[in-house]
Amino acid sequence: MSQGELRVNDAIRISPVRLVDETGAQVGVLPIEEARSMAEERGLDLVEVAPDSRPPVCRIMDYGKYRYELARKTRESRRKQHVVHVKEVKLRPAIDEHDLGVKLRRAREFLAAGDRVKFTVRFRGREVTRPEFGHRLLERIRTELEELAVVDSGLSHEGRNMSLVLAPRR
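Going left to right, the sequence shown walks through residues 2 to 171 as the working numbering numbers them.
So this is what it looks like as structure tokens:
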């Protein structure tokens with residue numbers, strides 16, 4: 002039996018049980034047969050809600066409706082969750098003005114959608130000997146997007162790449 006699974010009706014073997022009726026009122030400690038017959042009379046199920054207590058607590062309820070409500074609540078909570086993605090914008094140190102404008106416009110869209118944006122400047126050939134070009138470019142990007150974003154992780158230089166991660170302002 003997994004954590005989310007409850008024993009229902011004939012699956013409950015322990016006797017006596019503490020019984021709670023469908024309104025939530027305590028009925029008392031009864032033999033399992035009597036509790037089962039009370040549930041049958043009302044056309045409902047006997048569900049073991051607290052198997053670890055002594056005596057175990059059983060409740061008279063509509064088990065199908067209970068499972069449906071539980072599934073609906075988990076669906077609702079899943080729908081309310083927002084996963085933050087990291088979008089990457091790749092650049093070169095000698096990027097043209099218009100191309101940079103296009104990349105910045107895309108980054109603004111990502112930030113407006115609530116996603117983090119990672120700017121990566123890739124150095125090729127002898128460009129790696131002039132990291133100040135990449136540093137200057139990333140600083141310019143940071144200042145242009147200052148009103149929309151905060152720096153999530155500062156400038157990092159790894160091998161032939163230099164990167165900057167921005168997170169949207171809340």
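The C-beta atom is built at its ideal place from N, Cα and C for all residues, glycine as well.
For the options H99, A114, A108, P56, the alpha carbon positioned closest to that of V84 is the one of A114. Taking the C-beta atoms as reference points, R37 is found nearer than 8 Å to N10. In this structure, the alpha-carbon of E147 lies about 56 Å from that of G25.
With a contact defined as Cβ atoms closer than 8 Å, K88 and D116 qualify at about 5 Å. The region 100-107 makes no contact with the region 49-61: fewer than 3 CB pairs, one atom from each, lie closer than 8 Å.
DSSP places R19 inside the beta strand (DSSP E), whose first and last residues are 18-21. Nearest to E145 by alpha-carbon distance, out of I96, I33, L101, is L101. When the alpha-carbon of F120 is set against those of G126, D97, E128, V152, the nearest one is in V152. Non-local C-beta neighbours of L20 in its own chain, meaning closer than 6 Å and more than five positions away in sequence, comprise V28, L31, A36, C59, ordered along the chain. E6 is classed as exposed because its beta carbon has fewer than 16 other beta carbons within 10 Å across all chains shown. Collapsing the DSSP output to three states places H158 in a strand. Here S164 is bridged, per DSSP, to T121, S157.
Residue state for D46 is assigned as strand, using DSSP reduced to three classes. Around the beta-carbon of G135, 16 or more other beta-carbon atoms lie within 10 Å, marking it buried.
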